[in-house]
Structures are given as structure tokens and as C-alpha cells.
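**Student:** Heads up, the sequence shown is in our numbering, so the first residue is 34 and it goes up one at a time.
Note that CB positions come from ideal geometry on N, CA and C, so glycine has one too.
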Amino acid sequence: ISLATIAAVLRREGIDCRVDDCIIEGVDNAGLLARARAFKPDLIVINTATPSIVSDLAAATELKAEFPNSVILAIGIHVTALPRESLAIAPGLDAVVRGEPELTVREVALAVRDRKPYAGLAGVSVRGKKKEPSPEREPADLDALPPPAWDLVRTDLYRLPFNGRPFLLVGTSRGCPHSCRFCADATYYGRRLRVKSPERIVAELKTARDRHGVSDFLFWSESFTLRRDWTQAALEEIINANLGVRFVVNSRADHVDPDLLELLRRAGCWMVGYGLESGSQRILDLTGKNV
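(1) For a test of your reading of the model: does the CB of Pro-231 fall under 7 angstroms from any non-hydrogen atom of the ligand SAM? Yes or no.
(2) Go through the region 44 to 126 residue by residue and report every complete run of the beta strand (DSSP E) that reaches 3 residues or more, in order.
(3) Kindly indicate which residue of Ser-119, Ala-71 and Gly-47 has the alpha-carbon position closest to the one of Ile-79.
(4) So the candidates are Val-235, Ile-316 and Pro-166; which of them puts its Cα closest to the Cα of Cys-213?
(5) Would the beta-carbon of Ser-158 fall within 8 angstroms of that of Pro-116?
(6) Pair every Cβ in the region 67 to 75 with every Cβ in the region 214 to 228, then say whether three or more of these pairs are closer than 8 angstroms.
(7) Which same chain residues end up closer than 6 angstroms to Arg-225 when comparing Cβ atoms and leaving out the 5 residues on each side of it in sequence?
(8) In the DSSP assignment, find the unbroken alpha helix (DSSP H) run with Tyr-221 in it and report its ends.
(9) Among all the DSSP beta bridges, which residues are the ones paired with Trp-253?
(10) In this structure, how does DSSP classify Leu-248 when only helix, strand and coil are distinguished?
(11) Can you tell me whether DSSP reads Asn-273 as helix, strand or coil?
(12) Which stretch, first to last residue, makes up the alpha helix (DSSP H) that contains Ala-300?
(13) What does the Cβ neighbour count give for Pro-194, buried or exposed, with the cut at 16 atoms within 10 Å?
(14) Are at least three pairs of beta-carbons, each pair with one atom in the region 183 to 192 and one in the region 124 to 136, less than 8 angstroms apart?
(15) Excluding sequence positions up to five away, which residues of its chain have a Cβ less than 6 angstroms from the Cβ of Phe-252?
(16) Please state whether the Cβ-Cβ distance between Pro-172 and Ala-41 is less than 8 angstroms.
(17) Secondary structure at Ser-212, three-state DSSP: helix, strand or coil?
(18) For Gly-156, is the classification buried or exposed, using 16 other Cβ atoms within 10 angstroms of its Cβ as the cut-off for buried?
(19) Span of the beta strand (DSSP E) holding Arg-139?
(20) Could you compute how far the alpha carbon of Gly-312 sits from the alpha carbon of Glu-255?
(21) Whole angstroms are fine: how far does the CA of Glu-140 sit from the CA of Cys-50?
(22) Among His-288, Lys-97 and Thr-38, whose alpha-carbon lies nearest the alpha-carbon of Pro-176?
(23) Assuming contact is defined by CB atoms lying nearer than 8 angstroms, are Asp-75 and Val-52 in contact in what I supplied?
(24) So for Ser-35, helix, strand or coil by DSSP?
(25) Flag this pair as yes or no: are the beta carbons of Leu-106 and Val-129 separated by less than 8 angstroms?
(26) Who pairs with Gly-128 in a beta bridge, going by DSSP?
The following block contains the structure:
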């Protein structure tokens, strides 16, 4: 969803984009290089995570050898937490984006297009050129971001593991005020909860259903139930729209009750994912989850 949303932001600026999910499409590095040769990118954005950081950034080095004049960025929680260490892993990586990436990548893309420097832009850590970190970027207004560019993605390849039905993600909120010690969400999205309007969520669901034939969704957030009044408003908006969709959410066990669960069911929710980290109260206390 991050790369598809970035693509939508860049296309709004008139920038031509493509999105490759090499894992789901079964594309190796040689295949990626072949695709890149056909596209001739000026900017390459790699979404990476801790378990795959070494192999992901090895791809960055291969791409840099093939396209020495292209700017190669990495996004994700790992590079946000450890920008200098991430740059040290891959000599082909030009910079990393700290924090949520859409607006920062937009500024870098515009700078690349206009042949202007991008070092010093808020949220960017650049290889070797700046010892002092650039300013942090203000979080985005989620309603102001365009919907993901799902037309650039092989949506037919994404299937729910429980029933094999095609599904897509809908980002409903970002940020979490809780202080669980094992969670990196605050590193990426901050502690202030930001939500999409119920109307915007319904619009995204309707577009995905009508344009892409998808009726199953994962609501992408740390917890859909952090703010009860908004959760209720969003569910009521979905019910009133009568979309005929099904979805899955994340929550906390201490944030639901029978009334809210019934409202979730009526709106089309068929599964709630809870974080049940331990059966030991001592461990729960140590995690700082306050459960």
C-alpha cells in the first residue's frame, strides 16, 4: 500500500510511475533489472523491512550499477530507525526516507525532475553529504493523500489466506498513543492518532469494489478501535452505504465490548486480530502494553 500510495501522489504531479511487487510476482533481481531497463527510471524507491533488509539493499546496489544516474531511495521502519546504518549496508543506496514516505518521496521526485538538490529536505538522510540530520517532516493529512494506485498493481495476486478470496488494503489511520515496548509504529507514524474520515474510507471501498472487483479488505492500522467515537462513525457510514463488503481489523482486547463487536459484524467485519503477546502478567507488564 505504501508504494501504491506514493505512485498516486507522484502521478498527481504528472510523474510517470510503475509499481513492482517482486515477492508476490515471483520476480528475481535479474527480472527486476530487466523491468527497470525497459522503464529507464530517474528515481527508484525500495520498500524494505528488517527481515529482508540485506537482500533488499543488495538489489539497490545492483540497480545502481545498472543506473548510476538514477536516485535510489529506501523507505520503511528499519531505515527510519537506523538511517546511517542502512546507508552503510548498500553502497548503491543514495538516501533513505525517515518516517511515512509519501510527501517526502514527492519532494525528492520533484527535485530530481527539476535537477535540484534533495539533500536537506525534511525526512531525508543522504549518504555522506550531511552529518547533521535534516528536519523531520510533519505527518500527512490522510484525507489529502490520494487513494492507492491499485491499477499499477497485480491485484489478482493478493489472496486472503483463510478463504482464497482477492483482497486489498485500506489505510484507515496512522499513529498510536500507546507505549508498548515491542512496537515500532511510533517510530514510523508517531504517537498522535490520525484518522481518515468515514466518508473517505467508504469512497475507497467503493472504488476498489467497482474498479477492481474486490469486496474483501484488510483495514490497515495499528488498531481500528483506538478512538471509539470515530470507529462507530466509520462503521455506521459503511453500513449506510450498503456496499456489501467484508473486512478484517486489528484491535486490543480491552478496547471492545459486545455492542462494538456487533456493530463491526453488521458493517461486514468477520475477523478481529488481537495482540495477545503473553499469558504471563509479568511479561505483559514488562512490555508496557498496560493490559
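**Tutor:** Walking through what the data contain:
(1) This structure does not include the ligand SAM; it has no bound ligands of any sort.
(2) 76 to 80 and 104 to 108
(3) The residue given as residue 79 occupies position 46 in the sequence shown. Per the Cα distances, Ser-119.
(4) By one-based count along the sequence shown, residue 213 stands at place 180. Measuring from the Cα of Cys-213, the nearest candidate turns out to be Ile-316.
(5) Here the question's residue 158 lines up with position 125 in the sequence shown. Here the question's residue 116 lines up with position 83 in the sequence shown. The answer is yes: Cβ separation under 8 angstroms.
(6) no
(7) As a first step, residue 225 must be located in the sequence shown, where it is residue number 192. Gly-208, listed in sequence order.
(8) Looking up residue 221 in the sequence shown gives position 188. Here the alpha helix (DSSP H) through Tyr-221 covers 218 to 222.
(9) The residue given as residue 253 occupies position 220 in the sequence shown. DSSP lists Gly-204 as partners of Trp-253.
(10) By one-based count along the sequence shown, residue 248 stands at place 215. At residue 248 the sequence reads Ser, which differs from the Leu that was named. Of the three classes helix, strand and coil, the one that applies to Ser-248 here is coil, per DSSP.
(11) As a working mapping, residue 273 is identified with position 240 in the sequence shown. Correct three-state label for Asn-273: helix.
(12) The residue you call residue 300 lines up with position 267 of the sequence shown. Segment 291 to 300, the alpha helix (DSSP H) holding Ala-300.
(13) The residue labelled residue 194 in the question sits at position 161 within the sequence shown. That one is exposed.
(14) no
(15) For the purposes of this step, residue 252 is taken as residue 219 along the sequence shown, with counting starting at 1. Counting only Cβ-Cβ distances below 6 angstroms, and skipping sequence neighbours, we find Val-203, Thr-205, Phe-280 and Val-282.
(16) The residue you call residue 172 lines up with position 139 of the sequence shown. The residue you call residue 41 lines up with position 8 of the sequence shown. No, the Cβ-Cβ distance between Pro-172 and Ala-41 is not below 8 angstroms.
(17) Counted from its first residue, the sequence shown places residue 212 at position 179. If DSSP states are grouped into helix, strand and coil, Ser-212 belongs with coil.
(18) Taking the first residue of the sequence shown as 1, we reach residue 156 at position 123. Gly-156 should be labelled buried.
(19) Taking the first residue of the sequence shown as 1, we reach residue 139 at position 106. Careful: Arg-139 lies outside any beta strand (DSSP E), inside the alpha helix (DSSP H) at 135 to 146.
(20) Numbered from 1 along the sequence shown, position 279 holds the residue referred to as residue 312. Numbered from 1 along the sequence shown, position 222 holds the residue referred to as residue 255. Answer to the nearest angstrom: the Cα atoms are 21 angstroms apart.
(21) Mapped onto the sequence shown, residue 50 falls at position 17. Mapped onto the sequence shown, residue 140 falls at position 107. Rounded to whole angstroms, Cys-50 to Glu-140 spans 15 angstroms at the Cα level.
(22) Taking the sequence shown and counting its residues from 1, one reaches residue 176 at position 143. The sequence shown places Asp at residue 176, not Pro. With distances taken between Cα atoms, Asp-176 lies closest to Thr-38.
(23) If you number the sequence shown from 1, residue 75 lands on position 42. If you number the sequence shown from 1, residue 52 lands on position 19. Contact: no.
(24) By 1-based counting over the sequence shown, the position of residue 35 is 2. Here Ser-35 sits in helix by DSSP.
(25) If you number the sequence shown from 1, residue 106 lands on position 73. If you number the sequence shown from 1, residue 129 lands on position 96. Contact flag set, yes.
(26) If you number the sequence shown from 1, residue 128 lands on position 95. Reading off the sequence shown, one finds Ala at residue 128, where the question assumed Gly. Note: Ala-128 sits in a beta bridge opposite Leu-106 and Val-159.
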